[in-house]
Amino acid sequence: MTAAAPGAAAPIIIEAAINGVTRPERNPHVPLAPEDIRRAAGACYDGGASVVHAHHDEFGLPAEVGAARYAEAWAPLVAERPDALWYPTIGSGPTMADKLAHIEPLVATAGLRIGLVDPGCMNLTWADDDGLPARESHPYVNSIADIRYAFELCERLELGPSIAIYEPGWLNNTLAFWRRGRLPRGAMLKLYFGGPNGYFARGRGVSFGLAPTAKALDAYLEMLEGCPLPWSVTVMGGDILRSPACRMAVMAGGHLHVGLEDHWSDDPARAHLTNEALVAEAVEIAASCGRRPATCAEAAEILDLPR
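Written out as structure tokens, the structure reads:
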């Protein structure tokens, strides 16, 4: 498993996060029903994406119901595209075992090869009418025991962990596992920068983590010095493709994470782009930097997925 050297023309993994917490009032093109998810995911694969991340259309379902809902969308698509790479989001429940109970069924029913780990805690905030962090916002907690459970589940199920990095401390936690040889095979780091509208795109001026600047990406790259794990960049509540971090990441051998879960723009011409349009733009940017999009099979090889 090796990361591309700066300026290397290695294939780029373009990941499309096609829905997330985004709803039609934010972007009318967001796919939520299973058939719409299949259509959008297929179009993203055809356009150059090699990994798709998706939620289903209702949060808080029991694990078995949630797994069935995911399979309704993904089993037919994976049957048509056996090399398709995708992964769901975390579920709900009092323990991490409950929150990830939908993962194992999806290995059998929907060809799941990628798991997920959120290796830290943060405040999920948005701006109130005074521009302050809203009182109703809440902490998102993943204890060290939770993090260990999520990594161990990926190891047991032979899933490559998609590791979200919302704050630098999350990367420190992950690197501790890497240094001790305890990361499951197939890991990829997702560097999430905080956009002006934050995770929920509610209000402006309250966000999380680092902004998508060259200095911020430099800080992460300094932390990653000597670590060969593949990594990507995105902006939650912002526009990664118009950020200083985008081309810098591509030229440094990183990968791109785009899609309607993350995307938000003040520009009316960019406010309601489709997932397919964002993938197409990512492909164009990569090509201008001398890199072509990886196929699903190539992405599996780059990630060194275990099966």
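Residue numbers (our numbering): 3 to 309. All C-beta atoms in this analysis are idealised placements derived from N, C-alpha and C, irrespective of residue type, glycine included. Predicted, not measured: the structure shown is a model, and the values here were computed from it.
Exposure of Ala6, with buried meaning 16 or more beta-carbon neighbours within 10 Å: A caution first: Ala6 carries a pLDDT of 41, below 50, which makes its placement in the model unreliable, though a value can still be read off. Burial call: buried.
Separation of Tyr194 from Phe210, as counted between CA atoms: 9 angstroms
Residue from Leu118, Arg182, Tyr72 with nearest C-alpha to Cys229: Arg182
If you compare alpha carbons, which of Ile39, Gly95, Asn174 is closest to Glu74? Ile39
Pick helix, strand or coil for Ser290, following the three-state DSSP scheme. helix
With 16 other CB atoms within 10 Å as the buried threshold, where does Phe61 fall? exposed
Is the Cβ-Cβ distance between Leu307 and Gly196 less than 7 angstroms? no
Rounded to the nearest angstrom, what separates Gly269 and Arg244 at their Cα positions? The identity of residue 269 in the sequence shown is Asp, whereas the question assumes Gly. Spanning the two alpha carbons is a distance of roughly 11 angstroms.
If contact is defined by three or more beta carbon pairs under 8 angstroms, each pair taking one atom from either stretch, is the region 52-59 in contact with the region 211-226? no
For Asn174, which of helix, strand or coil comes out of DSSP? helix
Please tell me whether Asp264 and Ala19 are closer than 7 angstroms, where the distance is taken between their beta carbons. yes
First and last residue of the uninterrupted alpha helix (DSSP H) at Thr111: 105-111
Quick check: the Cα distance between Arg206 and Met98, rounded to an integer number of angstroms? 31 angstroms
Check whether the region 162-178 touches the region 283-299, taking contact to mean three or more Cβ pairs, one atom from each stretch, closer than 8 angstroms. no
With which residues is Gly196 paired in a DSSP beta bridge? Met238
Within the same chain, show all residues whose beta-carbon is closer than 8 angstroms to that of Val252, passing over the 5 residues directly before and after it, in chain order. Ile14, Leu258, Ile287, Ala288, Cys291, Arg293
How would you call Asp132, buried or exposed, if buried means at least 16 neighbouring beta carbons within 10 angstroms? exposed
Looking only at its chain, what residues have a beta carbon closer than 6 angstroms to the beta carbon of Pro214, apart from the 5 residues adjacent to it on each side? Phe195, Val237, Ser245, Ala247
Cβ-Cβ distance between Trp266 and Phe202 below 7 angstroms: no
Under the three-state reduction of DSSP, which class applies to Glu66: helix, strand or coil? helix
Helix or strand or just coil, what does DSSP make of Tyr1? There is no way to answer for residue 1, as the model of the chain reaches only from 3 to 309.
Can you give me the Cβ contacts of Gly9 inside the same chain, cut-off strictly under 7 angstroms, excluding the 5 residues immediately before and after it? Low confidence applies here, because Gly9 scores a pLDDT of 42, under 50, leaving its location unreliable and the question unanswered by this model.
Let's test the definition: count the other Cβ atoms within 10 Å of the Cβ of Glu303 and tell me whether it reaches 16, buried, or not, exposed. exposed
Determine the contact status of Val109 and Cys123, defining contact as a CB-CB distance below 7 angstroms. no
Compute the Euclidean distance between the alpha carbons of Glu169 and Leu231, then round it to the nearest angstrom. 17 angstroms
Quick test of your reading: Leu212 and Val235, contact by CB under 8 angstroms. State the CB separation rounded to the nearest angstrom. Actually they do not touch by this definition, with Cβ atoms about 11 angstroms apart.
Specify, as a first and last residue, the run of the alpha helix (DSSP H) that Pro36 falls within. 36-49
Within 10 Å of its beta-carbon, does Ala271 have 16 or more other beta-carbons around it, so buried, or fewer, so exposed? exposed
Bounding residues of the beta strand (DSSP E) (the contiguous stretch that carries Pro163): 162-167
Along the chain, where does the alpha helix (DSSP H) containing Ile304 start, and where does it finish? 298-305
Would you report the Cα separation of Asp48 and Leu134, rounded to the nearest angstrom? 42 angstroms
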